[in-house]
Structures are given as C-alpha cells and as structure tokens.
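Below: the structure, in structure tokens.
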Amino acid sequence: MRFGVYTSGGDAPGMNAAIRAVVRSAISQKHSVIGIYNGYEGMLAKEFQELKLRSVANIIQRGGTVLKTARCASFHHAETREQAFLNLKEKEIDALICIGGDGSFRGAMALHAEHKIPVIGIPGTIDNDIYGTDYTIGFDTATNTALEAIDRIRDTAYSHNRIFIVEVMGRDTGFLALDVGIAGGAQDIFVPERTLAVDKVVSRIEDSVKRGKLSSIIVAAEGQKPGRAYDLAEAIRKKSGQEAKVCILGHIQRGGTPTARDRMLASALGAAAVNALASGFNCHAVGIVRNEVALTPLQEVTSNKKSIREDLLNLSQILAT
Ligand code: ADP
313 MRFGVYTSGG DAPGMNAAIR AVVRSAISQK HSVIGIYNGY EGMLAKEFQE LKLRSVANII
373 QRGGTVLKTA RCASFHHAET REQAFLNLKE KEIDALICIG GDGSFRGAMA LHAEHKIPVI
433 GIPGTIDNDI YGTDYTIGFD TATNTALEAI DRIRDTAYSH NRIFIVEVMG RDTGFLALDV
493 GIAGGAQDIF VPERTLAVDK VVSRIEDSVK RGKLSSIIVA AEGQKPGRAY DLAEAIRKKS
553 GQEAKVCILG HIQRGGTPTA RDRMLASALG AAAVNALASG FNCHAVGIVR NEVALTPLQE
613 VTSNKKSIRE DLLNLSQILA T
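According to the working numbering, numbering within the sequence shown proceeds without interruption in unit steps and concludes at 633.
Right, here's the structure in full:
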C-alpha cells in the first residue's frame, strides 16, 4: 500500500516520533509513505513528498512537526475535500494516517465518508482531550514543561510570600491543569469542568496563612478565554485585598524536546496505525488504554467527551493544605 501521512491542527511534541514510526514500520512491511506537508492545506496544494527510511533520521528528539501543520478552514466544504481526494488519487495514495486532534479527525472522517479512502487517526495534542486513549502524544511533555515553570515560580512565590496564578493551556478541558496542579503541589486548581467559587479559594488561602503557609500557587486552565487568570487575580484582590501575580505559560507548553514517555507513546501508536491499516481497519483512531494499544471508531472518538478524573480533583484538595 501507499500511505499518506500528515500532521494537522495544533502541533505537539512527539509528532515527529510518530511520523518516524509510521515511515519505518510501513517500509519494514514493504509499503511506501508519502509525507503530506501542512495538513489539509498541503493536501489541496499537492505538497507531497515520499518519505524514505533516512528522511525521518534524527527527528525523534525534535519538538514540533517536520511535516509542518496548518489549519484549513475550507476543508469544512465537501467540494474542497473532493479536490483533496482527487489530488490523493493522482498521487496514488491508498490510505491516510492523520496525526492531530479532534478537528483533524473530523476532517479525515468526512474524507472517508465521501470518498471511501481508508483513514486512521493518531491522537496528537498537548490537551489530552481525545476520547479512546488515556494519553495523547505531547501531553506528557507539556505537563513537564509547565511543571518546570511552576517549580521556578515557587521559588519566587516562597521568597516573597506571594500568591501566584499559573495559567496553563488545555482549551475547554482541564487535563493539563489537573496533572500540572497535582504534580506541582498547587493550592487550588481551576478546571473548566468544575466551577470553583472564588470565595472558597480565598477562604482556603486565609486558612492556610493561619497555618503558616505564606505563599500559594494556583493553577488555572485557560478555558475558552486565554488570560482569564487576570480575572481570577482581580476577583481574589476584590474579595481578600491580597495581590495575586499572574503567569500565563502560553505556547511555551507546545514546544520543546519530547519526553521519553511521549516518544514511547508516539513510537507505539505510529506502528499501530500502520498495522491497523495493513490489517484492514479503517476510520479508527489508535490509542493507549491501560497500557495496551486500542482501536476506537473515529465516530465514537469524535462524538464522546473524555471526562476528567473527579477523584484526582478531590485528591488535589486533600494534598494542598
Ligand atoms: P485539532 O485537530 O488540533 O483539533 P482543529 O480543530 O483546528 O485542530 O482542526 C484542524 C483542521 O481539521 C481544521 O483546520 C480543518 O481543516 C479540519 N477540520 C476540523 N473540523 C472539521 C470538520 N468538521 N470537517 C472537516 N474538516 C474539519
């Protein structure tokens, strides 16, 4: 078979390790691989290049994506997808491997539904918000990047007896905030899935001051509106008169060298995607569930919302005293 592989939507550390695994697994099974640059934009502009064994040398340790990524608004239209399909057919691409998030999977599903081209998705996003996998490629690296920042902020928070609000990415989900918050020993964690009253946060800060804890780190997910940590700081100031410093980590969380865990995940999922297509699976996403590779229909992946672990949210409250 001749596979087309592309990265789409937001980049995530470990995408290169996944591309490498796709290329080398496919070639080991006598298939060939065409790299499609710039996601769906490149599919339309025929940005195709064959990837050989050495094309993916020396990329396992690199963040970002060597195939580049893009958002392509026109891919929402059937006529655009038809053009993309004609380009794939001209290049004799038999099947697609899409590395990306929920939106990219929807694009792949639409292409499959209309033109019957087999597609397999590999979940790559720092947000970890994809159903059908316990972890997405990039999540572990982003968690560790944010954690390193928190450890540094903690030094200054401690020295100045300050409250710091650290805002992490995650769009409308709190997976990143939750793990970063627990691992960083946060006083409170704001996630979009659960409302936390500012009154409660302020009274917890006041209680902890009474117990002799003079500095606090609060982790907040960006939610729908990046920068909301400033609103939170203002609400805390109004309620308590205390000043909270804000640090928005932003895109720093998207880059950098992937961790060992992300490289392992990407290697396993890249190989699993090739095996899935070679054994006749179609319109599925590969994922990791309880340490085993799992295949979930893309329809199920895109129509279900992965839920945040309530037990971990509760644990964070118990541990932060
Ligand atoms: P992610 O894959 O990280 O969730 P986006 O949601 O931005 O990122 O989606 C990436 C691209 O996938 C979009 O720019 C668009 O080209 C394509 N896409 C997203 N949703 C759809 C859809 N419902 N139908 C067709 N294509 C889509």
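Built from N, CA and C at the ideal position, the CB exists for glycine as well.
Computed from a predicted structure; not experimentally measured.
Own chain, CB closer than 7 Å to residue i, minus 5 neighbours either side, in chain order
i           : result
residue 418 : 614
residue 575 : 326, 329 and 372
residue 535 : 484 and 504
residue 541 : 477, 479, 532, 558 and 560
residue 616 : 443
residue 465 : 476, 478, 529 and 559
Nearest-angstrom Cα separation, counted from residue j out to residue i
i           : j           : result
residue 453 : residue 569 : 8 Å
residue 637 : residue 556 : Given that the chain is displayed from residue 313 to residue 633, the structure contains no residue 637 and the question cannot be resolved.
residue 352 : residue 508 : 39 Å
residue 364 : residue 481 : 35 Å
residue 361 : residue 341 : 19 Å
residue 407 : residue 592 : 11 Å
residue 525 : residue 504 : 27 Å
residue 399 : residue 533 : 40 Å
residue 392 : residue 402 : 16 Å
residue 531 : residue 510 : 13 Å
residue 428 : residue 632 : 52 Å
residue 585 : residue 537 : 34 Å
residue 506 : residue 486 : 9 Å
residue 634 : residue 366 : What the structure shows of the chain is the stretch from 313 to 633, and residue 634 is not part of that stretch, so it cannot be assessed.
residue 334 : residue 523 : 54 Å
residue 376 : residue 459 : 19 Å
residue 577 : residue 518 : 42 Å
residue 590 : residue 457 : 36 Å
residue 381 : residue 489 : 25 Å
residue 343 : residue 331 : 14 Å
residue 397 : residue 579 : 28 Å
residue 605 : residue 463 : 33 Å
residue 582 : residue 545 : 42 Å
residue 514 : residue 618 : 30 Å
residue 554 : residue 630 : 23 Å
residue 550 : residue 389 : 48 Å
Identity of the residues DSSP links to residue i by a beta bridge
i           : result
residue 470 : Residue 470 pairs with nothing; no bridge assigned.
residue 362 : 346
residue 640 : The structure shown does not extend to residue 640, since the chain spans only 313 to 633, so no value can be given for it.
residue 454 : Residue 454 pairs with nothing; no bridge assigned.
residue 560 : 479
residue 434 : 411
residue 528 : 475
Any non-hydrogen atom of ligand 1 within 8 Å of residue i CB
i           : result
residue 326 : no
residue 383 : yes
residue 352 : yes
residue 451 : no
residue 566 : no
residue 417 : yes
residue 320 : yes
residue 414 : yes
residue 445 : no
residue 388 : yes
residue 377 : no
residue 393 : yes
residue 485 : no
residue 597 : no
residue 425 : no
residue 532 : no
residue 422 : yes
residue 457 : no
residue 437 : yes
Proximal residues to residue i (C-beta, below 8 Å), its chain only, five neighbours per side dropped
i           : result
residue 461 : 478, 559, 561 and 564
residue 421 : 431, 595, 610, 611 and 614
residue 339 : 345, 364 and 365
residue 495 : 455 and 459
Residue of the options minimising C-alpha distance to residue i
i           : options               : result
residue 433 : 588, 620 and 375      : 588
residue 313 : 436, 633, 337 and 602 : 337
residue 395 : 423, 368, 437 and 378 : 423
residue 493 : 377, 627 and 440      : 627
residue 597 : 442, 369, 522 and 385 : 442
residue 498 : 348, 332 and 624      : 624
residue 317 : 409, 397 and 476      : 409
residue 573 : 348, 548 and 455      : 455
residue 387 : 355, 368, 379 and 378 : 355
residue 368 : 383, 385, 384 and 347 : 347
residue 440 : 621, 315 and 629      : 621
residue 384 : 319, 502 and 466      : 319
Same chain, Cβ closer than 6 Å to residue i, five either side skipped, listed in chain order
i           : result
residue 321 : 412, 413, 415 and 416
residue 445 : 435, 599 and 600
residue 527 : 469, 470, 473 and 474
residue 324 : 436, 437, 438, 449 and 450
residue 349 : 359, 379 and 380
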